[in-house]
Structure formats: structure tokens, C-alpha cells
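For the first sequence, counting from 1, position 165 maps to 165 in UniProt numbering; every step adds exactly one. Worksheet: the structure to be examined is printed underneath.
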Amino acid sequence: MRVEGRDRKIAGDLLAHYDVHARRLPWRAPPGSNAADPYRVWLSEVMLQQTTVAAVGPYFAKFTERWPTVQDLAAADDADLMAAWAGLGYYARARNLLACARAVARDHGGIFPDSEDGLRALPGVGAYTAAAVAAIAFGRRAVVVDANVERVVARLFAIATPLPAARPAIREACDRITPDARAGDFAQAMMDLGATICTARNPACGICPIRADCAAILTADPAAFPVKPPKKTRPHRTGHGWWIERDGNVWLIRRPDKGLLGGMRALPSSDWSDAPDATPPLRAHWSTIDEPVAHVFTHFSLALRVHHAHVGAEMTPPGAGEWWPIDRIGEAGLPTLFARAADAVRKERQANARN
DNA sequence: TAGCCGTGGCT
DNA sequence: TAGCCAAGGCT
């Protein structure tokens, strides 16, 4: 697609602004250098999927220190990697991250493919991530459309069609304004703009570097773009979690790879339904913590009732699992729901000790 | 294709 | 406070 006229001006103005105001982020090459490491770009892009820059920061630092190259990551132990990801959410990303690193190491000699198509074929790399890595790490011209770009473009051209029907038009418009040179900087500039100025709520149109070319700013409510469909209400569910303790250890299981919190260490638990099975996994003298652990997932909220019991040295719970030292529970890599459950047990323990 | 899949911060 | 939102991918 040719870039000309107004479209060329938009990219020029945005890049000029970016040259001065680009956010300094750990996964970005220093200004003026072309040293973007594909491994770090890919890792950051996966971590940033549906996740804020602030949340990613410490995880990116931890991962790149522990696994500096894609070969190091490919050689990682599955459980170690899942534990390192614990708390960041969307755990399929971590499973795909490992599968992708191993594919790059095994099938590509440890070198990331430098084309969108090649990247797109890797596990966990979709249209957005393939375009972003191709542009940012390899300087390819690629049309990079994430939620930021979607918002910026929808406003720039006052696209009134509701999402997701507007996506083809948004992508076409983004293609038109994407320059042949510096496509990676352009993509990052668009995302910076969406994150800091053209925000979802209360956009700072007064300081926007491309406000002169924005159609939405001429409307009564620029923030009304893009038009979004109504959201469905989130159902509430309940469940039961079981803290089984023996000799200073707690019984942890590994959840199935697919589904909620897939592949993560966890307490044994019921399903999350309106009428969860409250049958304990073994016979013991059970106590129940008064206050359920409240947790909100993407598509439902949960109240987890936490039960705890001690068992004898001869007792092993049914199913696969491991005894984990309670004083090192922080290293188990529990997802947030179960980390909170463990915390609730610890607090109850302390309260009882005072009585 | 629309539902599934985490978490924490902000308003 | 309850909902909204964040550099999406998979099925």
C-alpha cells in the first residue's frame, strides 16, 4: 500500500514525537541503535499480551536474567518456567512460550524466523505478535494492530462501525499510514500514543502530536471511538480448596495443561460450579476458614472455601502430587488464587496460635 | 466465531 | 464499588 499525502504526514509527525518522547522500556533497544534482540522482543511481546507494562517489568527482568537466550529458555524445566510465570496470568502463554523456544532451538537453530509468516507459525505467536516482532526486531514493514492501535486508528478516521466488525477497516487504515521505513518504531510510537495520550478514557487530545489529522477530535466525544459491543455480565461461582498438611508440608497437585490455571501447581480443589462437590479428597478432621477467598477471573468471579486438615505420616492423598515445604510455599509458583488461599491458612494459623 | 483464559490498577 | 481496561491467542 502506498503511503502519501496525509497518511505520510501522520507517520512523520508521530515518529518525530516518538524520537523525543519514546518510553524507555527494558526490552527496547537504546535510542538510535538497531540492536533489538529478537529473543527479548518476542519475550516482551508475549508477556505484554493483555498485560500492563508495569506488571511485566519484574517478570521480564527475572526471565532475562535466568534465561538470557532462547536456547537457555528452551532448556528450562517445565515446572520451573511455570512457577516463574506464576502471578502473571494467562498461563497458556507460559506453556506456549516454552514450546516456542524449543521449536526455535530445534527447528531454526536457535535463530528466530525473520518473516511474519515464519513467526506466525510458532506456538503462541498470533497475527499481532508476528507483525510486532517482524517490525521491531527485524525492521520489516508489517501492519501491527493491537488494542492501542485499534483505538488510535478508529479515532484518527472516526470509524463508527462497532467492534469487531470494524477490524478489517481499521487494519486497512493502519496499513495506509504505516511507513515503509521505521515500521517498528512506528508501531511502538502508535502503542506509546495509545498508552499515554490516546487513552481509552480521558484522552489528552491537547498534547497529541497528530491531533491536526484526527477526525474524532472534531466530534463531541473523541473517546467514543472505537465503538464497543455491550459486555456480558460475569457469573459468580463457588468452589472448595483443600489444604492437606503433613509434617510441615502441604500437598500440591499440578493442574491439567488445558483449562483454567492449566499446568500450574495448585491445591486440590473442586470444580467451579453453582453446586461444587464439597467432598474432601480424604478422610480427616477438617476445619474451614471463615472467610472464603474471593477472586475474579476473566469470565466469572469465584468464592473459594478453604478447608484445612493434618494427616498422619502414613497418609498419602489420592492422585498425583507432591509434598511441598510450607515454609517455602512462596517458591511453589502458585497462581494468585491459591497463593491467597495459602495466605488465608497461614493467617488462620497465626490467629489460633495467639489464642 | 464467540467463548475461554488471570491479574491488578484505576475510576 | 463494580466495571473497565491492558502490546491476544487458541479453539
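Even for Gly, the Cβ is constructed at its ideal location relative to N, Cα and C. Computed from a predicted structure; not experimentally measured.
**Asked** With which residues is Glu322 paired in a DSSP beta bridge?
**Response** When beta bridges are read from the DSSP output, Glu322 appears opposite Leu252.
**Prompt:** Distance, Cα to Cα, Pro256 vs Thr178?
**Reply:** Distance between the alpha carbons of Pro256 and Thr178 is about 42 angstroms.
**Simplified DSSP state of Gly194, which is helix, strand or coil** = Note: Gly194 maps to helix in three-state DSSP.
**Asked** What do you reckon, are the CB atoms on Ala173 and Phe225 nearer than 8 angstroms?
**Response** Result no, Cβ atoms of Ala173 and Phe225 do not sit closer than 8 angstroms.
**Asked** Do Asn148 and Met82 come within 8 angstroms of each other at the CB atom, strictly closer than that value?
**Response** No, the pair does not count as a contact, with Cβ atoms beyond the cut-off.
**Asked** Which residues in the same chain as residue 389 place their Cβ atom closer than 6 angstroms to its Cβ, once the five residues preceding and following it in sequence are excluded?
**Response** There is simply no residue 389 to check, as the chain begins at 1 and stops at 355 in what is shown.
**Message:** Using a Cβ distance threshold of 8 angstroms, determine whether the region 36-45 contacts the region 204-219, with at least three qualifying pairs required.
**Reply:** Touching, no, given that fewer than three Cβ pairs across the two stretches are closer than 8 angstroms.
**Request:** Please classify Thr238: does DSSP put it in a helix, a strand, or coil?
**Result:** In the structure shown, Thr238 sits in a strand (DSSP, three-state: E or B).
**Message:** Our contact map puts Tyr91 next to Leu261 with C-beta atoms below 8 angstroms; I'd like the distance itself, whole angstroms only.
**Reply:** With a beta-carbon spacing of about 6 angstroms, Tyr91 and Leu261 fall inside the 8 angstroms limit used to define contacts.
**Message:** Could you check if Ala223 belongs to the surroundings of the ligand NAD, using beta carbon to heavy atom distance under 7 angstroms?
**Reply:** Of the ligands one can find in the structure shown there are none, so the ligand NAD has no counterpart to examine.
**Prompt:** By Cβ distance, which residues of its chain are closer than 6 angstroms to Lys62, with the 5 residues on each side in sequence left out?
**Reply:** Answer for Lys62: no residue qualifies.
**Message:** Please state whether the Cβ-Cβ distance between Ala294 and Gln188 is less than 8 angstroms.
**Reply:** Not in contact: Ala294 and Gln188 (Cβ atoms no closer than 8 angstroms).
**Message:** Let me confirm a value: Pro203 is counted as buried when at least 16 other C-beta atoms fall within 10 Å, else exposed. Which label applies?
**Reply:** Buried: at least 16 other Cβ atoms inside 10 Å.
**Item:** Of the residues His240, Ala220, Ala166, Lys258, the one placed nearest Ala229, counting alpha carbons only
**Value:** The sequence shown places Pro at residue 229, not Ala. Checked all of His240, Ala220, Ala166, Lys258; the closest Cα to Pro229 is Ala166.
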